[in-house]
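Here is the structure we will look at, set down as structure tokens.
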Amino acid sequence: MIINNKQYRSIWMSEDKLSIEIIDQRYLPFEFIIETINSSTEMAEAIRDMRLRGAPLIGVAAAYGMYLAALEASRKPDFNQHLKFSEILLLNTRPTAVNLKWAIDRVRKEIDKARTIEEIISNVYKIAEKIADEDVENCKSIGKYGVEIIEDISLKKKGDTVNILTHCNAGALACVDYGTALSPITEAFKKGIKLRVWVDETRPRLQGKLTSWELEQLSIPNTVISDNAGGYLMQKGMVDLVIVGADRIAQSGDVANKIGTYLKALAAKDSGIPFYVAAPTSTIDFNLQTGNDIIIEKRDENEVLYAEGLLNGKIESVRLFSSKAQAENYGFDVTPHKLISGYITEKGIYASIASII
Numbered sequence: 384m385i386i387n388n389k390q391y392r393s394i395w396m397s398e399d400k401l402s403i404e405i406i407d408q409r410y411l412p413f414e415f416i417i418e419t420i421n422s423s424t425e426m427a428e429a430i431r432d433m434r435l436r437g438a439p440l441i442g443v444a445a446a447y448g449m450y451l452a453a454l455e456a457s458r459k460p461d462f463n464q465h466l467k468f469s470e471i472l473l474l475n476t477r478p479t480a481v482n483l484k485w486a487i488d489r490v491r492k493e494i495d496k497a498r499t500i501e502e503i504i505s506n507v508y509k510i511a512e513k514i515a516d517e518d519v520e521n522c523k524s525i526g527k528y529g530v531e532i533i534e535d536i537s538l539k540k541k542g543d544t545v546n547i548l549t550h551c552n553a554g555a556l557a558c559v560d561y562g563t564a565l566s567p568i569t570e571a572f573k574k575g576i577k578l579r580v581w582v583d584e585t586r587p588r589l590q591g592k593l594t595s596w597e598l599e600q601l602s603i604p605n606t607v608i609s610d611n612a613g614g615y616l617m618q619k620g621m622v623d624l625v626i627v628g629a630d631r632i633a634q635s636g637d638v639a640n641k642i643g644t645y646l647k648a649l650a651a652k653d654s655g656i657p658f659y660v661a662a663p664t665s666t667i668d669f670n671l672q673t674g675n676d677i678i679i680e681k682r683d684e685n686e687v688l689y690a691e692g693l694l695n696g697k698i699e700s701v702r703l704f705s706s707k708a709q710a711e712n713y714g715f716d717v718t719p720h721k722l723i724s725g726y727i728t729e730k731g732i733y734a735s736i737a738s739i740i
């Protein structure tokens, strides 16, 4: 991704290969902070605290976390025990996104192939870097295939502006680079297609601020809207296409994504607007039949009861509700496959998950 005219990834190995560097997303868009992660425990905390987030990215982060765990374990008498402890710790950070377990399973296979501690460290290093590089290439491919949808709409509109609505943040910050839902949008902009992106604020964590900031870095026109405005815009013909990301996709095609996605899909269906899910095939959980089996993460109620913003040059938190108010904070919802027009993956665009399988 381009930040202040410089190329970055969301996560990368340090030059000495002893730590991992991440962009701490909690401070964006007001401050750009790079944090050094020195241990598997720190990586687990970073995932849990959403210093980094997005299904593809936390999968890569978990793989790098296992690499740090292997380095740590090599300095301890109980190597295998420490490695297993770190694996469980990382697995339990975020329950909804399947990429996390998918990445750790790949790392575990490489661990089991090795015969020495040195070989384990080498294998885990190589697979973590491979998973990161694969994510970049997958997101590029998602952009290459997904842009065809935007091009078709542009042709039908005879070159007029294509209005795209997106929810949460499924850009480069949710992956290693390029993103899922934002990758086709970026490709369309590069091709000279006129665009306007409607950016859902995405309460309560307001990931829309990340999406808007990413689009600003690319000079792509975008407008932030309240979460409840999308349906109205669709009714009024102000949205041509909806593209969202995904945290877990069941075999049926049901999709778990950031809370509020389901409502956007309902509005799109009622308004006759195509609704696409952009995700790598690693987000498909082939062990789950339907969305009913997806575990939905519940987060701290204070994310709903409080809001953060910039005040006098500092990021401050303020309470929005009375001291007696209680909140439920579901992180995700499930959109049934019948509401989804298609799935944009690194392998192409598919009408159903069955056609990918």
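Heads up, the sequence shown is in this note's numbering, so the first residue is 384 and it goes up one at a time.
Ideal Cβ placement from N, Cα and C applies to all residues, glycine included.
These numbers were taken from a predicted model, which means no experiment stands behind them.
Inset, instruction - Pick out whichever of Lys-577, Lys-540, Gln-590 and Gly-526 has its Cα sitting closest to the Cα of Asn-552. - result: Gln-590
Inset, instruction - Have a look at Gly-575 and Glu-699 and give me their C-alpha separation to the nearest angstrom. - result: 39 Å
Legend entry - Option nearest Gly-384 by Cα separation, candidates Asp-668, Asn-482 and Lys-523: Note that residue 384 is Met in the sequence shown, not Gly. It is Lys-523 whose Cα lies nearest to the Cα of Met-384.
Legend entry - Beta-carbon spacing of Tyr-528, Glu-729 below 9 Å: yes
Legend entry - Coarse secondary structure for Thr-549, derived from DSSP in three states: strand
Legend entry - Option nearest Glu-418 by Cα separation, candidates Leu-401, Gly-613, Asp-495 and Ile-394: Ile-394
Inset, instruction - Report the option in Ala-650, Asn-506, Lys-573 and Trp-596 whose CA atom is closest to the CA atom of Asp-610. - result: Ala-650
Inset, instruction - Under 8 Å by Cβ, that's how I've got Val-582 and Ile-608 pegged, so tell me the actual separation to the nearest angstrom. - result: 7 Å
Legend entry - Close beta carbons around Glu-455, own chain, < 8 Å, minus the five adjacent residues each side: Ser-422, Ser-423, His-465 and Ser-469
Legend entry - Within-9 Å CB hit, Thr-419 to chain B: In summary, chain B is missing from the structure at hand, where a single protein chain is found.
Inset, instruction - Using beta-carbon positions only, say whether Leu-646 and Gly-613 come within less than 9 Å of one another. - result: yes
Inset, instruction - Using beta-carbon positions only, say whether Ile-679 and Leu-671 come within less than 9 Å of one another. - result: no
Inset, instruction - Tell whether a beta-carbon distance below 9 Å holds between Leu-473 and Ala-452. - result: yes
Legend entry - 7 Å CB neighbourhood of Pro-587 in its chain, flanking five on each side removed: Glu-686, Val-687 and Asn-712
Legend entry - Tyr-726 vs Val-660 beta-carbon contact at 9 Å: yes
Legend entry - Rounded distance between the beta-carbons of Val-580 and Pro-604, thought under 8 Å: 7 Å
Inset, instruction - Look up Leu-703 in the DSSP assignment and say whether it is helix, strand or coil. - result: coil
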